[in-house]
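Structure, as structure tokens:
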Amino acid sequence: MKKSGLLSLAVFSLIFLFSACEDPVSEIVDNDGCPTGDLRPLNLLMGNPSNATADENNPDNYLIEMDEYTISYNNSKGIPNWVSWHLSTDWFTGDGNRQDDFRPNPFLPSSFYAVDDDAYSGSGFDRGHCCPSADRLCSDATNSRTFFMTNMIPQAPGNNQGPWACWEKYLRYLAGQDKELYVIMGQYGQGGTGFFGYRETVDEGNVWVPSNVWKVAIAIPRGEGNDLDFIDSNSEIIAINILNNDAVGDLDWDDSSFLTTVDAIEAATGYDLFSNVQTSVQNNLESQVHSIDANFDCGF
Ligand code: MN
Ligand code: MN
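According to the numbering used here, the sequence shown holds residues 4 to 303 in order.
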């Protein structure tokens, strides 16, 4: 190849790299195959539902931003209010394995109560992931960060290992249909029924057991650019709300009682979800109940 040919190849590669940079999550992966760059803004691209701040004097709506997911943490309850993240296949395909290294979050201010890895032991509640381990499997290091106790709630096993697990799997299935998703999961209310019955707290009162766990998501065709520009009234919206009660494990994962609207979650929590989405589009999407893709099979 002539020198000029090499030069244009170099220029072409640079242009390609720069255009790819517009959507780092879709196009750029690190050596492990994980998305790379400063990914934190993407976790809050749809908005900050409770206007959480990284201010130690705001301990019950305390913002913890990481590349993998972003949290509003509630220090009085010892659990997150909500967790927000971006989901694409890049995040969960690759060489990572489930790490199971539950531990306190090292990014918590020292004035906060650090929930220990064994805080739920013997309570009859699972350490239920908010951002799922299986959504972050591109590398061991990335997966490990889902095991901070600030990403856990005391979740009834029948919920966590039952319909909830299927809904997590369903969102990864949608991501596999050449889509990308913006997901927010949260909790509200107090008191759940686990394997050993009803409880309002675990860990000697330091950790609150929520009564409800919910999840909302917007799915759009995977592509480059600012994803807010591609959200319209035809975007797919998902909203579920499942009681933190072991008995839900006896129901089918797609039981119609789990399906709800973003409006209903907003009413129950007082949050403004998807607040960065254009108001008319927001109003339209937030009143819709999701139609489940019948091709999905949870396997149980
Ligand atoms: Mn789980
Ligand atoms: Mn909203």
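Note that the Cβ used here is the ideal one computed from N, Cα and C, for glycine as well. Treat the numbers as computed from the prediction; the structure is a model and nothing was measured.
Going by the beta-carbon positions, is the gap between residue i and residue j smaller than 9 Å?
| i | j | result |
| --- | --- | --- |
| T263 | W217 | yes |
| D120 | R130 | yes |
| M152 | N84 | no |
| V118 | D206 | yes |
| G36 | D138 | no |
| Y65 | F115 | yes |
| P166 | F261 | yes |
| C133 | I156 | yes |
| D257 | C169 | yes |
| G189 | V86 | yes |
| N365 | A271 | Shown here, the chain extends from 4 to 303; a query on residue 365 therefore has no answer. |
| Q158 | N247 | yes |
| S290 | V265 | yes |
| N146 | N100 | yes |
| D58 | P38 | no |
Taking CB distances under 9 Å as the criterion, tell me whether residue i reaches chain B.
| i | result |
| --- | --- |
| A178 | Included in the structure is just one protein chain, with no chain B present. |
Bridge partners for residue i per DSSP, in chain order?
| i | result |
| --- | --- |
| K182 | P224 |
| T73 | E68, S87 |
| T56 | Y65 |
| I82 | N77 |
(message) Between the region 50-61 and the region 173-180, can you find at least three pairs of beta-carbon atoms closer than 8 Å?
(response) no
(message) I'd like to know if the region 223-230 and the region 248-266 are in contact, where contact means that at least 3 CB-CB pairs between them fall below 8 Å.
(response) no
(message) Quick check for students: name the residue ranges of the beta strand (DSSP E) that lie wholly in the region 84-172, counting only runs of 3 or more.
(response) 129-132, 155-158
(message) Any contact between the region 180-195 and the region 207-216? By contact I mean 3 or more CB pairs, one from each, below 8 Å.
(response) yes
(request) Specify which residues have a beta carbon nearer than 5 Å to any heavy atom of ligand 1, listing them in chain order. (result) G131, H132, N163
(request) Please list, following the chain, all residues that have a C-beta closer than 6 Å to any non-hydrogen atom of ligand 2. (result) E269, D275, L276, F277, S278, Q285, E289
(message) Give the list of continuous alpha helix (DSSP H) stretches no shorter than 4 residues that lie fully inside the region 186-274.
(response) 265-272
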